[in-house]
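Sequence lines, in order, name chains A and B.
To convert, note that position 31 of the first sequence is 32 in my numbering; the numbers rise steadily by one, no gaps.
To convert, note that position 45 of the second sequence is 687 in my numbering; the numbers rise steadily by one, no gaps.
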Amino acid sequence: KQEVTQIPAALSVPEGENLVLNCSFTDSAIYNLQWFRQDPGKGLTSLLLIQSSQREQTSGRLNASLDKSSGRSTLYIAASQPGDSATYLCALGTSYGKLTFGQGTILTVHP
Amino acid sequence: GAVVSQHPSRVICKSGTSVKIECRSLDFQATTMFWYRQFPKQSLMLMATSNEGSKATYEQGVEKDKFLINHASLTLSTLTVTSAHPEDSSFYICSANLVRGQDYGYTFGSGTRLTVV
């Protein structure tokens, strides 16, 4: 059974700082890995999707990497802004669409 | 892009009543939808997989008689919480996966906050 762990559980940083969120998983036979953002009381916004054959994906100030052999993924956020404050979730996907989520990292970027 | 519309966004109901949550795929056909539940300060947990025209597949520990799922068409899946109790209060959210050529992704509804009083 796939288990997903995210570290840290919460992170508070000053505006402008670069930061890294970590995600680890127990079963390396994954189909894909996705990072989501969730604002309080809201649904999920997809940030980056990395297919099993890929090593990283980039979108703007975000970069996600995937190392299947070590069971790890990182989400790098450059030049953080207060608007980046949210809960970040990593999820492992199967070929038929089922997602297993980590417990999330609550990010607070203060001005 | 592909959109899943989920309604209602919030609902408050009395204990013992039933609540229906709808998810509609607006510009694509969703043969499969996934229903997740999120308790406060916890992550999303898959409840069941909904397949158009067939019975849903429930995850271990999820009562299928309590959480009725219907996926009668390629654009609509519903989750009915029957005889709701305060412990059913949670955030429910649906998801569909998309395959378009080389692209693969997920789209989520906006979620339903259920409060049972």
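Using N, Cα and C, we set each Cβ at its ideal position, and we do this for glycine too.
Non-local beta-carbon contacts of residue 747 of chain B in its own chain, meaning distances under 6 Å to residues more than five positions away in sequence, involve 740 in chain order.
By the Cβ test, the segment 91-99 of chain A is not in contact with the segment 677-684 of chain B, since fewer than three Cβ pairs between them sit closer than 8 Å. In this chain, residue 706 of chain B is not harboured by any beta strand (DSSP E), its DSSP state being neither H nor E. With contact defined as three or more Cβ pairs closer than 8 Å, the segment 726-733 of chain B and the segment 662-671 of chain B are not in contact.
In this structure, DSSP gives residue 94 of chain A an extended state, which the three-state scheme calls strand.
Residue 21 of chain A has its alpha-carbon roughly 11 Å from the corresponding atom of residue 14 of chain A. Fewer than three Cβ pairs drawn from the segment 702-714 of chain B and the segment 647-657 of chain B lie within less than 8 Å of each other, which leaves the two stretches out of contact. Residue pairing by DSSP puts residue 649 of chain B in a beta bridge opposite B/664. Taking the Cα positions, residue 59 of chain A is about 9 Å away from residue 48 of chain A. Under the three-state reduction of DSSP, residue 747 of chain B is assigned to strand.
Around the Cβ of residue 19 of chain A, a 10 Å sphere holds fewer than 16 other Cβ atoms; the residue is exposed.
Taking a C-beta distance under 8 Å as the contact criterion, residue 50 of chain A and residue 63 of chain A do not qualify as a contact pair. In this structure, DSSP gives residue 729 of chain B a helical state, which the three-state scheme calls helix. Within chain A, the residues 47 and 50 have their CB atoms less than 7 Å from the CB of residue 747 of chain B, given in chain order. Just so you know, the alpha carbons of residue 84 of chain A and residue 735 of chain B end up roughly 23 Å apart. Taken atom to atom, the span from the alpha-carbon of residue 80 of chain A to that of residue 657 of chain B is near 47 Å. Remark: C-beta atoms of residue 738 of chain B and residue 720 of chain B do not approach each other more closely than 8 Å.
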